[in-house]
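Everything below concerns the one structure shown next.
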Amino acid sequence: MTTDTAVGTRSGIEPVNLFARDPVSDVTEHPLAPELRQWTTEYLCRSHPDLGRHGPVCPYMSHAVKHQFLWAAFLGGRHFEVERILAVADDLYDLYPVLEPQDPPDSGFKAVLAVFPDLTEYAGIETVQRDQKSRFVEHGLMLGQFYPGCTVSGLHNPDFPALDSPLPLLAVRHMVPTDFPFLNTRPDWIDAYLRIFAPEIPEFITTAMADELAHSADGA
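Its first residue numbered 1, the sequence shown is counted upward by one per residue in full-length UniProt numbering.
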């Protein structure tokens, strides 16, 4: 794995490129990095019979893996207070635009993971993801939580645990058009989505649309 030495100022995380293999850095990579690579290639990048649609579990990830746009930082320790996980999320927010690739269109396929391999209680990850999602969405990013036994269901099959993973982690990536179902419950999220994907629509109209769509989602 390779690193461009971008270091978080709050948590000290230093993401490394998970698929840009380097013989020197491979010697010191985290022992669970191979498991993370295997999960991305053999699970996220492949189809699943229970997914409820055709294609890979995460269509976004295949391009990130193929072009070496996937970054990861491992944080050791069994106990993480919410404040410490929040510091990690803040650093992910700051480091995401700094890590390569920085320019579109390639930057749109980048993903950065903060992995907590020793963590066995996941409430803190859930709390930080829930509380910080709006901040990321406002800037066209998605913040997701993954951990063993996560019961958040997929869009096309409510019985498919889409965010179940072998390692606990927070993930940041760019928002894509198909993210709307993850954003349709709050006017501010819908407004951010429309500003990004429907920029020609005047702001006062997108705001009204966002309010109406969120109201419709609440009543569904």
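For glycine and all other residues, C-beta sits at the position ideal for the given N, C-alpha and C.
Sequence-distant residues of its chain with Cβ nearer than 8 Å to Arg-186 (five each side left out): Along the sequence shown, one-based indexing puts residue 186 at 186. Counting only Cβ-Cβ distances below 8 Å, and skipping sequence neighbours, we find Ser-134, Ala-214.
Same chain, Cβ closer than 7 Å to Leu-36, neighbours up to 5 away in sequence not counted: Against the sequence shown, residue 36 aligns to sequence position 36. Excluding sequence neighbours, Leu-36 sits near Leu-18, Ala-72, Val-115, Leu-167.
Residues bridged to Arg-173 (per DSSP): As a working mapping, residue 173 is identified with position 173 in the sequence shown. Arg-173 is bridged by DSSP to Ala-111, Met-142.
Own chain, CB closer than 7 Å to Phe-160, minus 5 neighbours either side, in chain order: Within the sequence shown, numbered from 1, the residue matching residue 160 stands at position 160. Closer than 7 Å at Cβ, skipping near neighbours: Asp-50, Leu-51, Gly-52, Ser-153, Gly-154.
Beta-carbon proximity list for Val-57, same chain, < 8 Å, skipping 5 on both sides: In the sequence shown, residue 57 corresponds to position 57, counting from 1. Here Val-57 has Tyr-43, Leu-44, Cys-45, Arg-46, Ser-47, His-48, Leu-51, Ala-162 as same chain residues with Cβ atoms under 8 Å from its own Cβ, once five neighbours each way along the sequence are excluded.
Three-state class that DSSP yields for Val-128 in the structure shown: Reading the sequence shown from its first residue, position 128 is the one you call residue 128. Note: Val-128 maps to helix in three-state DSSP.
Contained alpha helix (DSSP H) runs [length at least 4] in the segment 37-78, N- to C-terminal order: Restricting attention to alpha helix (DSSP H) runs no shorter than 4 residues, the segment 37-78 encloses them at 59-66, ordered along the chain.
Secondary structure of Ser-153, DSSP reduced to three states: Stepping through the sequence shown from its first residue, residue 153 is reached at position 153. Strand.
Under the three-state DSSP convention, the category Asp-103 falls into: Here residue 103 refers to the residue found at position 103 when the sequence shown is read from its first residue. In this structure, DSSP gives Asp-103 a state outside helix and strand, which the three-state scheme calls coil.
Three-state secondary structure assigned by DSSP to Val-98: For this step, residue 98 is matched to residue 98 along the sequence shown. For Val-98, the three-state secondary structure derived from DSSP is coil.
At least three beta-carbon pairs within less than 8 Å, the segment 108-128 to the segment 73-88: A contact exists between the segment 108-128 and the segment 73-88.
Segment contact flag, the segment 98-108 with the segment 182-199, C-beta cutoff 8 Å, min 3 pairs: Segments in contact, no.
Alpha-carbon spacing of Val-98 relative to Asp-118, whole angstroms: Walking along the sequence shown from the start, residue 98 turns up at place 98. Walking along the sequence shown from the start, residue 118 turns up at place 118. About 27 Å.
Nearest to residue 288 (by Cα), restricted to the options Val-16, Pro-31, Ala-6, Met-61: Because the chain is modelled from 1 through 220, residue 288 falls outside the range shown and cannot be assessed.
Boundaries (first-last residue) of the alpha helix (DSSP H) holding Ile-190: Here residue 190 is taken as the residue at index 190 of the sequence shown, counted from 1. Segment 187-197, the alpha helix (DSSP H) holding Ile-190.
Neighbour-count burial assignment, Arg-78, 16 or more Cβ in a 10 Å radius: Within the sequence shown, the letter at position 78 stands for residue 78. Counting of Cβ neighbours within 10 angstroms places Arg-78 among the exposed residues, the total staying below 16.
Coil, strand or helix - Asp-91 by DSSP: Position 91 of the sequence shown, counting from 1, holds the residue named residue 91. Asp-91 falls in the helix class under three-state DSSP.
Distance CB(Ile-196)-CB(Met-209) smaller than 9 Å: Here residue 196 refers to the residue found at position 196 of the sequence shown. Here residue 209 refers to the residue found at position 209 of the sequence shown. Not closer than 9 Å, so no.
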